[in-house]
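Structure record follows, encoded as structure tokens.
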Amino acid sequence: MVLLRSLAYFVVFYVNTVLFLVLGSWLLLAPRRWAMEGLRLHGQTSLWWLKTICGTHLEVRGRDKLPAGPCLVASKHQSALDTFALIPVFRDPAMVMKAELGWIPFYGWFSHKFRHIFVRRDKGPSALKALIRDARDRAAQKREIVIFPEGTRRPPGAPPDYKPGFLALYEGLGLPCVPLALNSGLFWPRRSLMRYPGTIVIEILEPIPPGLPRAQARAVIQERIETACALLIAEARAKPNPPPLPEAAGKSVPVQG
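The sequence shown begins at 5 in the working numbering and counts up one residue at a time.
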């Protein structure tokens with residue numbers, strides 16, 4: 005039954021996405037805020053279909069911890085779901101993403117329209133300078149700058165692999181950094197069609213003030229994210245019908261009693 009529901013959602017999700025991209029293509033010529041509302045609506049409908057078809061719910065915790073103004077959000081990345089489920093969580097997020105994605109028809113065009121932030125990772129130091137410049141521009145518009153510090157999806161419980169880009173943003177922006185933990189990879193595993201029932205949790209953690217030394221900032225941000233993610237995995241394990249757990253998660257996370 006889970007497999008059939010997962011296959012059904014797979015079809016519905018991509019049909020829904022294509023319809024939004026094609027029927028909403030006129031938004032490429034509209035004001036950016038209109039296009040962002042279309043992006044937000046796509047995320048909300050995708051989550052509604054996920055709940056309706058697969059029984060997978062989403063819970064967001066800690067919204068009250070978000071600063072009123074612009075901030076840097078350092079988020080764990082476990083699943084493709086993170087790329088659209090985080091959009092409705094924030095007021096006006098600017099996502100940091102690979103520059104290659106900007107060339108994809110419709111998806112890439114809209115990403116430019118949303119004024120997301122593109123990174124040419126093959127350009128070394130010049131890429132970091134461009135990243136900070138573009139992020140400052142978006143922050144001046146009072147937007148949240150959202151980055152996945154590990155750069156790619158990681159299985160739940162896998163050893164952390166944080167890249168230096170988020171630290172360059174932390175230093176260059178001079179804004180509070182909001183760590184964000186989640187357990188999405190348990191219910192929407194990477195490289196898999198399976199979508200498991202249960203509750204995906206996105207948890208916004210206590211902001212970290214700007215100005216900490218680089219090594220201290222890295223240690224604090226990573227520790228808060230990884231600790232909170234481990235607790236969310238343990239919480240999911242303690243449910244009556246938990247999703248299958250990756251081997252890394254089973255070894256690294258204690259079971260809650």
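Glycine is no exception: its CB is placed at the ideal position from the N, C-alpha and C atoms. Since the structure is predicted, the reported quantities are computational estimates derived from the model, not experimental observations.
For R222, the closest alpha carbon among the candidates K55, W53, I108 and G169 is that of G169. Per DSSP, the unbroken alpha helix (DSSP H) holding G42 starts and ends at R36 to C58. In the DSSP assignment, H116 forms no beta bridge with any residue.
Rounded to whole angstroms, the separation of the alpha carbons of P247 and R125 is 34 Å. Leaving aside the five residues that flank K102 on each side, the residues in its chain whose CB is nearer than 8 Å to its CB run, in chain order, F122, V123 and R125. About 16 Å separates the beta carbon of L190 from that of I229, a gap too long to meet the 8 Å contact definition. Closest in alpha carbon position to L32, among H116, S196 and E154, is H116. One alpha carbon belongs to L186, the other to D86, and they sit about 9 Å apart. Comparing C-alpha distances from K167 to each of L11, I151, G66 and Q48 shows the shortest one belongs to I151. Taking the CA atoms as reference points, H81 sits about 22 Å from G176.
Fully enclosed alpha helix (DSSP H) runs of no fewer than 4 residues occupy 111–117 and 129–144 of the stretch 97–165, in order along the chain.
Between the alpha carbons of C181 and D68 lies a gap of roughly 15 Å.
Around the beta-carbon of Y174, 16 or more other beta-carbon atoms lie within 10 Å, marking it buried. With at least 16 other beta carbons inside 10 angstroms of its own, I206 counts as buried.
By the Cβ test, the stretch 104–118 is not in contact with the stretch 206–219, since fewer than three Cβ pairs between them sit closer than 8 Å.
Around the beta-carbon of W192, 16 or more other beta-carbon atoms lie within 10 Å, marking it buried. By the Cβ neighbour-count rule, V100 is buried, with 16 or more other Cβ atoms within 10 Å of its own. H61 is bridged by DSSP to T203. In terms of CA proximity to D141, H120 leads the group H120, P159, L235 and R157. Between P97 and E148, the alpha-carbon positions lie close to 5 Å from each other. The beta carbons of R9 and R199 sit about 7 Å from each other, so the pair counts as a contact at 8 Å. With a threshold of 16 other beta carbon atoms within 10 Å, M40 meets it and is buried.
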